[in-house]
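Novice: Quick note: the sequence shown uses my numbering, first residue 93, plus one each step.
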Amino acid sequence: MSHVTYQGKTYVCAEDKSLLNNLLDHGVFLPYSCMVGICHSCKLKAICGAPPAYAQQPLTAEEQAQGHFLACLCFPHDDLTVERIPPPVPL
Numbered sequence: 093m094s095h096v097t098y099q100g101k102t103y104v105c106a107e108d109k110s111l112l113n114n115l116l117d118h119g120v121f122l123p124y125s126c127m128v129g130i131c132h133s134c135k136l137k138a139i140c141g142a143p144p145a146y147a148q149q150p151l152t153a154e155e156q157a158q159g160h161f162l163a164c165l166c167f168p169h170d171d172l173t174v175e176r177i178p179p180p181v182p183l
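(1) My parser needs the beta strand (DSSP E) runs of 3 or more residues fully inside the region 118-149; what are they?
(2) Among Leu111, Leu136, Leu172, Ser94, which one has its Cα closest to the Cα of Glu155?
(3) So is Gln172 buried or exposed if we call it buried at 16+ other beta carbons inside 10 Å?
(4) The beta strand (DSSP E) with Glu220 in it runs from where to where?
(5) Go ahead and pull the three-state DSSP assignment for Leu183.
(6) Are the CB atoms of Cys166 and Pro144 within a distance shorter than 8 Å?
(7) I need the straight-line Cα distance from Asp170 to Gly141, nearest angstrom please.
(8) Quick one: what's got a C-beta closer than 6 Å to Arg176's C-beta in the same chain, skipping five residues either side?
(9) So, at 7 Å on beta carbons, what are the nonlocal neighbours of Cys164 in its own chain, with the 5 sequence-adjacent residues on each side left out?
If you want it as structure tokens, here you go:
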């Protein structure tokens with residue numbers, strides 16, 4: 093079991109479920125659509141701890157370097173503190 097902190101609350105996460113499914117099970121709303129890493133709508137940023145590398149594979153090198161990862165592909169084995177990524181500001 094790992095502990096994931098999101099929006100100031102810490103949740104116990106089962107290792108056999110994605111972070112997205114763990115948070116949804118705890119009643120936390122996260123945007124999502126495909127649940128398989130294609131749409132990127134569940135993208136989060138790790139601010140403490142490192143997400144598993146496979147949760148970052150679909151992302152650009154720049155996004156990976158910034159700690160971004162996809163919650164639907166993240167099966168956390170270690171503790172993480174994460175935050176939502178603000179949507180880009182339209183020009």
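Heads up, the beta-carbon is just placed ideally off N, CA and C, and yes, glycines get one too.
Specialist: So, to answer that:
(1) 135-140
(2) One-based indexing of the sequence shown puts residue 155 at position 63. Nearest of Leu111, Leu136, Leu172, Ser94 to Glu155, Cα basis: Leu136.
(3) Here residue 172 is taken as the residue at index 80 of the sequence shown, counted from 1. According to the sequence displayed, residue 172 carries Leu and not Gln. With 16 or more other Cβ atoms within 10 Å, it is buried.
(4) The shown model of the chain, from 93 to 183, leaves out residue 220, and the question about it has no answer.
(5) Sequence index remark: in the sequence shown, residue 183 carries index 91 (1-based). The answer is coil: DSSP assigns Leu183 none of H, G, I, E or B.
(6) If you number the sequence shown from 1, residue 144 lands on position 52. If you number the sequence shown from 1, residue 166 lands on position 74. Cβ atoms of Pro144 and Cys166: closer than 8 Å.
(7) On the sequence shown, residue 170 is found 78 positions in, with the first residue counted as 1. On the sequence shown, residue 141 is found 49 positions in, with the first residue counted as 1. Each residue's alpha carbon lies about 7 Å from the other.
(8) Walking along the sequence shown from the start, residue 176 turns up at place 84. Nothing meets the Cβ criterion.
(9) Position 72 of the sequence shown, counted from the start, is the residue given in the question as residue 164. So the qualifying residues of the chain are Ser110, Leu112, Tyr124, Met127, Val128, Gly129, Cys134.
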